[in-house]
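Right, one structure below, let's go through it.
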Amino acid sequence: MTTDRQDGRLDGRPEAPGQSFRYAVNVMPKPGILDPQGRAVEQSLPHLGVEDVGLVRVGRRVELSVAAADEAGARATVDRLAAELLSNPLIETYAIELLGAVAPLEAVR
Amino acid sequence: MTRIGVVVFPGSNCDRDTLHALELAGAEALPLWHEVADLGGVAAVILPGGFAYGDYLRAGVIARFSPVMRSVAAFARDGGLVLGICNGFQVLAEAGLVPGALLRNRGLRFLGRDVLITPERLDTAFTRSVPDRHPLRMPIAHGEGCYYADEATLTRLETEGHVLFRYAQPDGRPAWTGDDDANPNGSLRGIAGVLNEAGNVAGLMPHPERASEAILGSDDGMLLIRSLVESAAERVAAGGPVAVAAG
């Protein structure tokens with residue numbers, strides 16, 4: 001990778017533009033884990049006149065892009081991040097969703 | 110003089126109180142900056158309260174990956190004494206150095222008030238100076254303090270004696286989940302503090318350092334601070350383990 005402007009490239013742009021893949025990681029409290037946020041949302045529903053909604057669970061969605069040669073490599077990185085950082089396996093589950101192949105990572109920064 | 114380290118993360122806010130309490134207990138108290146892996150030859154480490162790295166993502170998780178925590182984890186694996194208070198407990202749980210997790214308080218609110226806790230054991234490195242199992246008064250100040258572990262883990266903690274503190278009624282009876290006055294965050298089985306399997310790492314949500322002088326309204330917490338200092342001094346006298354930098 002070069003950041004040399006003399007050859008006309010933008011700072012931080014890879015020499016051989018690779019591919020990057022954009023993912024969403026959806027993190028949810030495990031079934032059976034008390035979810036006080038979901039319960040608070042649920043308890044607010046009558047104030048909106050909504051009676052026919054229940055089982056509200058509040059989770060977290062993280063979107064990220066990974067530069068990699070192929071999708072399998074990118075997914076392996078996301079899987080590791082999701083398991084070690086983005087979720088706590090004791091209390092949460094996660095699901096990885098591919099949003100698509102996008103421009104090289106450096107170009108979208 | 111026994112040297113004890115207090116880790117300072119960006120967002121720690123009880124580090125100075127903890128250093129002060131350690132000095133009152135006769136220790137040499139050393140702040141340990143989160144970006145520095147060298148633990149400075151300390152005989153014990155405290156992870157203090159606060160909001161390390163803003164508590165972003167989950168309380169404690171980002172702190173877990175800091176350079177100092179790699180050294181603390183290695184120190185703990187070697188048998189070194191580590192105490193996590195409040196946010197420090199959350200960091201230990203995220204790092205897997207103590208069992209379980211700290212969930213959002215059942216009532217969703219941040220809680221800043223005194224609680225009573227009873228020590229389940231008086232023979233640990235963290236409770237040896239506590240004279241009996243009468244309730245100890247100290248403050249809590251947290252939004253995510255609801256102790257959670259799965260049923261099998263909870264039962265194992267109890268049968269193996271790794272529950273260190275429980276929230277308590279004034280008469281010392283345990284405060285179970287649903288007793289919102291005495292166990293205000295809803296911790297399962299009333300657990301306020303736990304030990305790891307080897308007994309050298311402990312975490313608790315209440316703040317002993319904020320109850321370490323009579324002028325603060327309670328000095329019950331000093332019993333825990335003093336326990337740690339005495340245990341650390343004994344270990345130094347016996348030849349270690351004393352922390353070094355991670356390789």
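So the protein sequences, as listed, match chains P and D. With this note's numbering applied, the first sequence covers 1 to 109. With this note's numbering applied, the second sequence covers 110 to 356. Even for Gly, the Cβ is constructed at its ideal location relative to N, Cα and C.
Inter-stretch contact (C-beta, 8 Å, three-pair minimum) for the stretch 171 to 183 of chain D and the stretch 276 to 293 of chain D: no
Spatially closest choice to V338 (chain D) from D:R215, D:F235, D:D147 and D:A168, by CA coordinates: D:F235
Selection from D:A146, D:G188, D:G299 and D:D328 that minimises the alpha carbon distance to E267 (chain D): D:G299
Contacts that P36 (chain P) makes with chain D (C-beta to C-beta distance below 9 Å): L212, R213, N214, R215, G216, L217, C255 and G295
G80 (chain D) - containing alpha helix (DSSP H), residue span: A question about residue 80 (chain D) goes unanswered here, because the residues of chain D that appear run from 110 up to 356.
Reference G189 (chain D); option with closest CA among D:S238, D:F274, D:V151 and D:L133: D:V151
Residue interval of the beta strand (DSSP E) (run including P228 (chain D)): L220 to P228
Strand pairing of E306 (chain D), partner residues [DSSP]: Beta-bridge pairing links E306 (chain D) to no other residue.
For L139 (chain D), the first and last residue of its enclosing alpha helix (DSSP H): No alpha helix (DSSP H) contains L139 (chain D), which is instead part of the beta strand (DSSP E) from E137 to W142.
Rounded separation between H243 (chain D) and P46 (chain P) - CA only: 45 Å
The stretch 135 to 155 of chain D touching the stretch 215 to 230 of chain D, judged by at least three CB pairs closer than 8 Å: no
Cα-Cα separation, T127 (chain D) to F198 (chain D): 14 Å
Local conformation of A355 (chain D) per DSSP, three classes: Caution is warranted here: a pLDDT of 43 is assigned to A355 (chain D), below 50, making its placement in the model unreliable, and the coordinate value is therefore given only provisionally. Three-state DSSP puts A355 (chain D) in coil, outside helix and strand.
G38 (chain P): first and last residue of the uninterrupted alpha helix (DSSP H) it sits in: P36 to S44
Buried or exposed by the 16-neighbour rule on C-beta atoms within 10 Å, applied to M178 (chain D): buried
Y23 (chain P) vs L64 (chain P) beta-carbon contact at 8 Å: yes
Inter-residue CB distance, C195 (chain D) and H143 (chain D) (contact presumed, cutoff 8 Å): With a Cβ gap of about 16 Å, C195 (chain D) and H143 (chain D) do not count as contacting.
Per-residue burial, A347 (chain D) [other beta carbons within 10 Å of its own, 16 or more giving buried]: exposed
CB contact below 8 Å: V170 (chain D) versus chain P: yes
Pair within 8 Å by beta-carbon distance, P208 (chain D) and T262 (chain D): yes
Segment contact flag, the stretch 57 to 71 of chain P with the stretch 17 to 37 of chain P, C-beta cutoff 8 Å, min 3 pairs: yes
Local Cβ density within 10 Å of F179 (chain P), reported as buried at 16 or more and exposed below that: Because chain P spans 1 through 109 in this model, residue 179 (chain P) falls outside it and cannot be assessed.
F174 (chain D) to V116 (chain D) span [Cα, whole Å]: 13 Å
Buried or exposed by the 16-neighbour rule on C-beta atoms within 10 Å, applied to I324 (chain D): exposed
Residue interval of the beta strand (DSSP E) (run including E92 (chain P)): E92 to V102
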